[in-house]
Every structure is written in structure tokens, then in C-alpha cells.
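In the numbering used here, the protein residues as written are 27 to 248.
Glycine residues also receive a C-beta, built at the ideal position from the N, C-alpha and C atoms.
Predicted model only: the values in this text are computed from it and were never measured.
For reference, the structure discussed in these notes is given below.
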């Protein structure tokens, strides 16, 4: 991991490593106090020297915190800054979480894209409808079977599909049985519509072209 020594990466391995990192910070505190106290003693102000050493240590800690905050806030996509002690370990863990999140996001996006590509290749119409009845997304087959157009996104479905039987089916909220009806887009074609609820009152509409099946049934009846 760029920008960190073993102490930073060791923090995630064991509680003992965390204690070691804290001890390193305490060692730096003792060093600052020793230097400050020594200089103060030479000048005849040992307590002032100790106080100055403490201020130096606190300033170094504040500066490290400022660099960590600045990196997280403004440059999260870059490697973490060179830090020491606990701040190095914290930056390491944040950076590792960022990488994990990016990988998970990329994997999710790829999965969604593959799913959309698969759905787009279907001959059945697939339409996503939000909780208030507006069109969210549909595949190319929906434009052929249902007459939807590219600019229909966000419009209410029932403003675009005015077929009385379909409107009654959509508003009934009883989707146990599929709806079979003649197409309002192409004369002589028959469709089967299936609605399913999911999420926060959203709906999934799947429409099949059952023209051939309808003709076979008519032949059988005749």
C-alpha cells in the first residue's frame, strides 16, 4: 500500500499491532518532551521547555489530522499521504475500504449492464414502472409491442396505453392472473400482460406476443 510503513498495515492484523502503533506515538510524545525539556533546562526554563515540546507534539498530530482530512475530503481517488503512527494506520484502513468500495461498485455496475443487455435482447417487452405509475425503463421489445417511444420516460403509463381492459387490469391491483387481449399497436396481434409488484410499490410489466398461440387455440376450437 502506497505511503505507509509496516505499522499502518499491521493495525488491521491484531490488537497487539494497534498497541504497538499507539506506543510509537507515545514514543514521539516522550521525544518531543525530552527535547523541549532539555532545551528549557539549558535556558533555565524547564517547565516552559516541556510545554513547548507538548505544543510541538500536538501541532504535529493536528497537522497529520489535517492532511488526512484534506485527502479524504478533496483527493479520495489518490494514494493516502505519508503519515506516522495511528494516523498512518487509519489512512491505510480508509484507503483499503475505498478500494473495496470501488471494486464492489464496478462489479455492481457491470452486473447491471449485463442484466440490461440480456433484458434488451429479449423478445418479450419488459417495463419498469415506479410507485406513482410513471415509466422508468423499458427494453426495445416494449417499443415494438406496446408502442412506447424514447421520450416517454417519466410519463404515466396509463396516459400512453389507453386500452380499457389494460387500464382496468393495471388499476385493479389484482395481478394473480395474466391479462390476454388484442394488441392496440398492430392489428391481428395478441398479447399477454403480467404485472408484478416489487420494492416500494414499483411494478414490473412483462408482455408476451401470443399471436401464434392464440391462432392455434382458435384452430383447435374450430
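At the level of alpha carbons, what is the spacing between residue i and residue j?
i: residue 174; j: residue 109; result: 57 Å
i: residue 64; j: residue 71; result: 9 Å
i: residue 53; j: residue 46; result: 10 Å
i: residue 102; j: residue 96; result: 9 Å
i: residue 159; j: residue 183; result: 6 Å
i: residue 211; j: residue 224; result: 27 Å
i: residue 119; j: residue 196; result: 50 Å
i: residue 246; j: residue 137; result: 44 Å
i: residue 163; j: residue 104; result: 35 Å
i: residue 167; j: residue 186; result: 16 Å
i: residue 121; j: residue 100; result: 14 Å
i: residue 190; j: residue 242; result: 26 Å
In the structure shown, what three-state DSSP assignment does residue i receive?
i: residue 247; result: helix
i: residue 152; result: strand
i: residue 211; result: coil
i: residue 104; result: coil
i: residue 71; result: coil
i: residue 96; result: helix
i: residue 64; result: helix
i: residue 240; result: helix
i: residue 186; result: helix
i: residue 172; result: coil
i: residue 158; result: coil
Quick one: residues in its chain with C-beta nearer than 6 Å to the C-beta of residue i, no 5 flanking neighbours on either side, listed in chain order?
i: residue 145; result: 152 and 165
i: residue 209; result: 215 and 217
i: residue 201; result: 221
i: residue 58; result: 79, 82 and 83
i: residue 62; result: 75, 76, 78 and 79
i: residue 111; result: 47, 50 and 51
i: residue 237; result: 215 and 216
i: residue 228; result: 156 and 157
i: residue 180; result: 160
i: residue 206; result: 218
i: residue 234; result: 150 and 218
Terminal residues of the continuous alpha helix (DSSP H) containing residue i?
i: residue 204; result: Note, residue 204: premise wrong, no alpha helix (DSSP H); not H, not E.
i: residue 179; result: Careful: residue 179 lies outside any alpha helix (DSSP H) and carries neither H nor E.
i: residue 124; result: 111 to 146
Mind checking which residues open and close the beta strand (DSSP E) that includes residue i?
i: residue 162; result: 161 to 164
i: residue 232; result: 228 to 235
i: residue 217; result: 216 to 224
Residue i: buried (16+ other C-beta within 10 angstroms of its C-beta) or exposed?
i: residue 130; result: exposed
i: residue 155; result: buried
i: residue 90; result: buried
For residue i, I'd like the list of residues in its chain whose CB is within less than 7 Å of its CB, leaving aside the five on either flank, ordered along the chain.
i: residue 169; result: 175
i: residue 192; result: 205, 207 and 219
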